[in-house]
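What follows is a short report on a single structure.
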Amino acid sequence: MVGIAVVGAGAWGKNHIRVFSEIPGVHLKYICDSDPSRLTKLQKFYPHTKMVENLSPVLQDPEIKGVVIASSAISHFPLAKESLLASKDVLVEKPMALNVKDSEEMVKLAEGEGRILMVGHLLIYHPVVDRLKEMIASEELGRIHYIYTQRVNLGIIRQDENALWSFAPHDLSVILELLNERPVVVSAHGESYIQKNIEDVVFLSLHFSDGKMANIHLSWLDPHKVRKITIVGAKKMVVFDDMEASEKLKIYDKGVGSLSYDSYGEYLSLRFGDITIPNIKMTEPLRTEAEHFIRCVESREKPKTGGRDGLEVVKILVSAQQSLREKGAPVDL
Ligand SMILES: NC(=O)c1ccc[n+]([C@@H]2O[C@H](COP(=O)([O-])OP(=O)(O)OC[C@H]3O[C@@H](n4cnc5c(N)ncnc54)[C@H](O)[C@@H]3O)[C@@H](O)[C@H]2O)c1
-2 MVGIAVVGAG AWGKNHIRVF SEIPGVHLKY ICDSDPSRLT KLQKFYPHTK MVENLSPVLQ
58 DPEIKGVVIA SSAISHFPLA KESLLASKDV LVEKPMALNV KDSEEMVKLA EGEGRILMVG
118 HLLIYHPVVD RLKEMIASEE LGRIHYIYTQ RVNLGIIRQD ENALWSFAPH DLSVILELLN
178 ERPVVVSAHG ESYIQKNIED VVFLSLHFSD GKMANIHLSW LDPHKVRKIT IVGAKKMVVF
238 DDMEASEKLK IYDKGVGSLS YDSYGEYLSL RFGDITIPNI KMTEPLRTEA EHFIRCVESR
298 EKPKTGGRDG LEVVKILVSA QQSLREKGAP VDL
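Under my numbering, the first residue of the sequence shown carries the number -2, and numbering increases by one thereafter.
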């Protein structure tokens, strides 16, 4: 049995609690939340799990191998640090911390102590992202020109992070994974309409050294609920629409053919081929993520979304935040 504690029993933490409680071979021994009212509500659903208001009993318990941190972003660093220092493996929600210094310290600590440090970049565990990776690796899409993503809705309006820090880790982790490359310049525009200095809507642009480009639109102040990633390649284009119940991936055999020259000038041939919807077996990404964490804890294998991946995302967020403050000025990474 792998003893696990989940810290943070809020809107998202409840999903971790459900998933870890269902995995065979896992003992969800503790739920920790500083707000006792959250614990009271959960006790009747998890009668065999101890409800605690601080981490001390968790860290002193030798049966606890892994601590899952799904508390508010500002508490990720102190809770992860304490857990790593107590020789626990850690799965921490995104963003792993709110600055580069704390993220680097977490990575160093984990590596120094030989602990697993995994970051909850959920979409990396999505079966459609696996398929996109395969398609890019096999060059089915051809050279990638650009990517744009939309992650907008009328949703939870946070006070301790803006729309950039709350949503962009999803898109950034996928873009970094798919392109296997870091951007060299970022710029971001955004505005705070609801709360002072907390941007509700952000348009983030990433530029890569070879001319590839990505644009990310983030908002919790939008009439539509959209979770979409569009990738335009030289051979094909794809759209991953996570709001679709089953047809989440569409592959467009569309593009621009080679130039033809004749005495009257140059012609571009446009190709309007078939649209394919592959049948992808859906699995719950959070369940896959949680099972991966347990496997890493047991086998000491390196997580697919480790601390260094989390650090790369935080570096981009910090530069994007600087650009936001400077009204969209490009910031070198
Ligand atoms: N991976 C994803 O898809 C995804 C989705 C939603 C949220 N999240 C992340 O999960 C985290 C939690 O989000 P949420 O929507 O559940 O927030 P929430 O505000 O609903 O819940 C946070 C909980 O953490 C508790 N908490 C705060 N500080 C604590 C501390 N020091 N010790 C113990 N408990 C503490 C709060 O009392 C609260 O119950 C955030 O970092 C968010 O970005 C990830």
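By construction, the Cβ of each residue, glycine as well, lies at the ideal position given by its N, Cα and C atoms.
Remember, it's a predicted structure, so these values are computed and weren't measured experimentally.
Kindly identify the DSSP beta-bridge partner or partners of Gly252. On the sequence shown, position 255 is the one that residue 252 refers to. In DSSP, Gly252 forms a bridge with Arg268.
Among all the DSSP beta bridges, which residues are the ones paired with Asp168? The residue you call residue 168 lines up with position 171 of the sequence shown. Answer is none; Asp168 lacks a bridge partner.
By a C-beta neighbour count over all protein chains shown, 10 Å radius and 16 as the cutoff for buried, is Lys331 buried or exposed? Past the boundaries of the shown model lies residue 331; the chain is included only from -2 to 330, so the question cannot be answered.
At a cut-off of 7 Å, is Asp127 close to ligand 1 when judged by its beta-carbon and the heavy atoms of the ligand? Working through the sequence shown from its first residue, we reach residue 127 at position 130. Checking every heavy atom of ligand 1 against the Cβ of Asp127, none is found closer than 7 Å.
Measuring alpha carbon to alpha carbon, tell me which residue in Gly303, Leu56, Leu283 is nearest Leu81. The sequence position of residue 81 within the sequence shown is 84, counting from 1. Comparing Cα positions, the closest option is Leu56.
Between Ala165 and Leu215, what straight-line distance do the alpha-carbon atoms span, to the nearest angstrom? If you number the sequence shown from 1, residue 165 lands on position 168. If you number the sequence shown from 1, residue 215 lands on position 218. One C-alpha to the other measures close to 7 Å.
Range of the contiguous alpha helix (DSSP H) that encloses Ser296: On the sequence shown, position 299 is the one that residue 296 refers to. Run containing Ser296: 282 to 296, per the alpha helix (DSSP H) assignment.
Any heavy atom of ligand 1 inside 7 Å of the beta-carbon of Trp9? Taking the first residue of the sequence shown as 1, we reach residue 9 at position 12. Yes, ligand 1 has a heavy atom inside 7 Å of this Cβ.
Exposed or buried, what is Pro300 when buried is set at 16 or more other beta-carbons lying within 10 Å of its beta-carbon? Within the sequence shown, residue 300 is the residue found at index 303, counting from 1. Looking at its Cβ environment, which holds 16 or more other Cβ atoms inside 10 Å, Pro300 is buried.
Within the same chain, show all residues whose beta-carbon is closer than 8 Å to that of Ile254, passing over the 5 residues directly before and after it, in chain order. Counting from one through the sequence shown, the residue named residue 254 turns up at place 257. Strictly speaking, residue 254 in this sequence is Gly, with Ile absent from that position. The answer, listed in chain order, is Leu265, Ser266, Leu267, Arg268.
Over what stretch of residues does the beta strand (DSSP E) that includes Ala6 continue unbroken? For the purposes of this step, residue 6 is identified with residue 9 of the sequence shown, where counting begins at 1. Element bounds for Ala6: n/a, residue is neither H nor E.
Work out the CA separation of Met279 and Asn12 for me, nearest whole Å. Position 15 of the sequence shown, counted from the start, is the residue given in the question as residue 12. Position 282 of the sequence shown, counted from the start, is the residue given in the question as residue 279. Approximately 18 Å, taken between the alpha carbons.
Below 8 Å, how does it come out for the stretch 135 to 148 and the stretch 191 to 198: are there three or more Cβ pairs, yes or no? no
Evaluate Trp32 with the Cβ neighbour count: other Cβ atoms within 10 Å of its Cβ, from every protein chain shown; 16 or more gives buried, anything less gives exposed. The residue labelled residue 32 in the question sits at position 35 within the sequence shown. It should be noted that the sequence gives Asp, not Trp, for residue 32. With fewer than 16 other Cβ atoms within 10 Å, it is exposed.
Do Ile71 and Ala287 have their CB atoms nearer than 8 Å? Locating residue 71 in the sequence shown gives position 74, where the first residue counts as 1. Locating residue 287 in the sequence shown gives position 290, where the first residue counts as 1. The answer is no: Cβ separation not under 8 Å.
Reference Ile272, options Thr285, Glu281, Asp250, closest by Cα: Counting from one through the sequence shown, the residue named residue 272 turns up at place 275. Measuring from the Cα of Ile272, the nearest candidate turns out to be Asp250.
Does the Cβ of Pro84 have 16 or more other Cβ atoms within 10 Å, making it buried, or fewer, making it exposed? Taking the sequence shown and counting its residues from 1, one reaches residue 84 at position 87. A small fix is needed here, since residue 84 is Ser in this sequence, not Pro. Exposed, since its Cβ has fewer than 16 Cβ neighbours within 10 Å.
Does at least one heavy atom of ligand 1 sit under 7 Å from the Cβ of Ser163? Along the sequence shown, one-based indexing puts residue 163 at 166. Yes.
Give the DSSP-derived three-state secondary structure of Ile61 in the structure shown. As a first step, residue 61 must be located in the sequence shown, where it is residue number 64. Three-state result, Ile61: strand.
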